[in-house]
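Engineer: Numbering (this note's numbering), first residue to last: 203 to 750.
Just so it is clear, CB atoms sit at the ideal spot from N, CA and C, and this is done for glycine as well.
1. Does any C-beta atom of chain C lie closer than 7 Å to the C-beta of residue 674?
2. Within its chain, find whatever has a CB closer than 7 Å to the CB of residue 551; leave out the 5 residues flanking it on each side and keep chain order.
3. Going by DSSP, what residues sit across from residue 710 in a beta bridge?
4. Rounding to the nearest angstrom, what Cα-Cα distance links residue 588 and residue 621 in this structure?
5. Tell me whether the beta-carbon of residue 240 lies closer than 7 Å to the beta-carbon of residue 405.
6. Taking the straight line between their C-alpha atoms, what separation do you get for residue 458 and residue 301?
7. Tell me where the alpha helix (DSSP H) around residue 267 begins and ends.
8. With distances taken Cα to Cα, identify the nearest neighbour of residue 724 among 386, 296, 627.
9. Should residue 283 go down as buried or exposed, given a rule of 16 or more other Cβ atoms within 10 Å for buried?
10. In angstroms, rounded to a whole number, what distance separates the CA positions of residue 312 and residue 701?
11. Within the chosen definition, does the stretch 261 to 268 reach the stretch 465 to 476 through at least 3 CB pairs nearer than 8 Å?
12. Which residues does DSSP pair with residue 662 in a beta bridge?
13. If distances are taken between C-alpha atoms only, which option among 276, 289, 497, 455 comes closest to residue 304?
14. From this set, 391, 455, 368, 437, which residue's C-alpha is nearest residue 335's C-alpha?
15. Could you tell me which uninterrupted beta strand (DSSP E) segments, each at least 3 residues in length, are contained entirely in the stretch 612 to 643, listed from first to last along the chain?
16. Along the alpha helix (DSSP H) that carries residue 329, what are the first and last residues, could you check?
17. Report yes if the CB atom of residue 635 is closer than 7 Å to the CB atom of residue 669, and no otherwise.
18. Identify, in the order they occur along the chain, each residue of the same chain with its Cβ nearer than 7 Å to the Cβ of residue 222, setting aside the five sequence neighbours on each side.
19. Among the residues of its own chain, which have a CB less than 8 Å from the CB of residue 225, if the five just before and after it don't count?
20. Identify whether residue 346 lies in helix, strand or coil by the three-state DSSP scheme.
21. Would you mind sorting residue 630 into buried or exposed? The rule is 16 or more other CB atoms within 10 Å of its CB.
22. Out of curiosity, what's the CA-to-CA distance linking residue 270 and residue 281?
23. Expressed to the nearest angstrom, what Euclidean distance is found between the alpha-carbon atoms of residue 597 and residue 674?
24. Relative to the C-alpha of residue 374, which residue among 610, 427, 322 is closest?
25. Could you tell me the boundaries of the beta strand (DSSP E) in which residue 578 lies?
26. Just the Cα atoms here: how many angstroms apart are residue 648 and residue 467?
27. Considering only residues of the same chain and omitting the five flanking positions on each side of residue 642, which have a CB-CB separation below 6 Å?
28. Would you say residue 614 and residue 672 are within 7 Å of each other, going by their C-beta atoms?
29. For residue 482, count the other beta carbons within 10 Å of its own beta carbon; 16 or more makes it buried, fewer makes it exposed. Which is it?
30. Relative to the C-alpha of residue 327, which residue among 339, 309, 348 is closest?
31. In terms of residue numbering, what span does the alpha helix (DSSP H) encompassing residue 597 cover?
32. Roughly how many angstroms lie between the CA atoms of residue 362 and residue 279, to the nearest whole one?
33. Relative to the C-alpha of residue 582, which residue among 611, 594, 601 is closest?
34. For residue 377, is the classification buried or exposed, using 16 other Cβ atoms within 10 angstroms of its Cβ as the cut-off for buried?
35. Apply the 10 Å Cβ neighbour rule to residue 549 and answer buried if 16 or more other Cβ atoms are within range, or exposed otherwise.
36. With a threshold of 16 other CB atoms inside 10 Å of the CB of residue 331, please say whether the residue is buried or exposed.
Now the structure itself:
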């Protein structure tokens, strides 16, 4: 027991002076302060939880998606530039140009989303700087360069470009790591805020137990449980990457709104990831198709080389022997042969010579755009002069008059092929002349656009000859196709097929104008020589099948 002579402790003095109402007032005041402090702390951490959640859902997770898009855009640029350098196919420029646009959009979006994250912005600046340097040093020279044509691509330069791009791949990994770390920091902060918040809520629940168990049940059922479920669902989606996991809204209205917002964001991210995977699969399929087409083109070119060798050596040598020995027979035994025997020898010699002409024409057809593959600035006026000079005897004998513009344009192409084009068209116009009048050939030239919108020129070669029926306007461009018997008009039926191949090689098209009333008019457009990889340098299978 306490000694009565000793003074009472101060606490006891105070307790003895307080009334029941005072104790209740103190108790209620303490409870009010507790509730007020708990409310303030709980509100702070609830707000902090919402802000961290918003940062994860609205900023960090979309930033990860934009980072993947940025990386995909740069990969598309690298794939497009390397594919164009390897194949010369302008179609590879499309993913490169699309990647430039997507890169700009993703960079702007990332800067907006991660404005408060200096490490992410520093990494982004490094990526954009190195990407610009890579484009300036490797990609743009490859993409802006003219197609390589018959020359093989510079594999060493392409590999150096790929090695330079590997630095970007390393920075991609750093970027992903930084974003993952930011995400994990956000989750840690979210867990901490929720832990403190739940502790405060638990303390408030304990205080509410003093005033009634009902308050505890209401707080637990309406606040704590829905938030815990939302947190678990959010962790399954964001933490485990299970974007197919639906988040169902539960609890009070504000928590339901938050759950709906998180679910909408999950659906958006899931759709974006699905589209990204679909585009990646499509790109892989296209790459495989291009590889298969490149293999087929190499095989076809090898077969064409074999054909050219056979045509220029193995086929012509027997024909020369047949013609030579038949002529020797006629020379040595001509006086011993009757007229029919002499005629038979003449038939054999003529057939052998016509076969040689046919082989030479077929060989010339197969070599269009393959042998020289020259791409020079060509004055079309000079090529036309050369063609007229080559046909001078034919022009004089037929008394043909050729009307042509004084000035013809220049374009990039093969001067030998363009001379052959003019020569074939002029020769046809003179050969198929009307028997009652001398041939008049008119040449016109005007500006036009190619099929891809490139600036070019349209030409026409008109004559006053026998003309071409409209139903044969397309057939005349098929190899070996003839509209007249051989004894009426000589030739092998390859001339216009060669013209079409030359025009195709220079990026244009050729056709017969069926609207003219008299004679024939051949129209064609020229843009410039295409890369050899775009040309089908083989004999047209469809033409051979038709001729057969």
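Structural biologist: Considering the structure as presented:
1. As a matter of chain content, chain C is missing from the structure shown, which is built from one protein chain.
2. In chain order, 525, 528, 529 place their CB closer than 7 Å to the CB of residue 551, counting only its own chain and leaving out the 5 sequence neighbours on each side.
3. According to DSSP, residue 710 bridges with nothing at all.
4. Residue 588 and residue 621: Cα-Cα distance of roughly 7 Å.
5. In this structure, residue 405 lies closer than 7 Å to residue 240 by Cβ.
6. Roughly 39 Å separates the two Cα atoms.
7. Element bounds for residue 267: 263 to 289.
8. Answer by Cα proximity: 627.
9. Buried, because 16 or more other Cβ atoms sit within 10 Å of the Cβ of residue 283.
10. Straight-line spacing of the CA atoms in residue 312 and residue 701 works out to 55 Å.
11. Between the stretch 261 to 268 and the stretch 465 to 476 there are three or more C-beta pairs closer than 8 Å, enough to call the two in contact.
12. In the DSSP assignment, residue 662 is bridged to 646, 725.
13. Selected option, being the one with the closest Cα: 276.
14. Closest by alpha carbon: 368.
15. Counting only runs of 3 or more, we get 612 to 615.
16. Where residue 329 is concerned, the enclosing alpha helix (DSSP H) stretches over 320 to 336.
17. No; because the gap between Cβ atoms is not below 7 Å, this pair is not in contact.
18. Only weak support exists for where residue 222 lies, its pLDDT of 42 falling under 50; the coordinates are left without a value.
19. Low confidence applies here, because residue 225 scores a pLDDT of 47, under 50, leaving its location unreliable; read the following figure in that light. Here the set comprises nothing.
20. Three-state result, residue 346: helix.
21. So residue 630 counts as buried.
22. When the Cα atoms are used, residue 270 and residue 281 turn out to be separated by approximately 16 Å.
23. Distance between the alpha carbons of residue 597 and residue 674 is about 26 Å.
24. The option with the nearest alpha carbon to residue 374 is 322.
25. For residue 578, the enclosing beta strand (DSSP E) stretches over residues 578 to 581.
26. Near 58 Å, if we compare the C-alpha coordinates of residue 467 and residue 648.
27. Excluding residues up to 5 positions away in sequence, 603, 666 lie with their Cβ nearer than 6 Å to the Cβ of residue 642 in the same chain.
28. The answer is no: Cβ separation not under 7 Å.
29. So residue 482 counts as exposed.
30. The residue among 339, 309, 348 with its C-alpha nearest the C-alpha of residue 327 is 309.
31. Following the DSSP letters along the chain, one finds residue 597 inside the alpha helix (DSSP H) bounded by residues 594 to 600.
32. Spanning the alpha carbons of residue 362 and residue 279 requires a straight line of approximately 15 Å.
33. When each option's Cα is compared against that of residue 582, the closest is 611.
34. So residue 377 ends up on the buried side.
35. Answer is exposed; the Cβ neighbour count stays below 16.
36. Around the C-beta of residue 331, fewer than 16 other C-beta atoms lie within 10 Å, and the residue is accordingly described as exposed.
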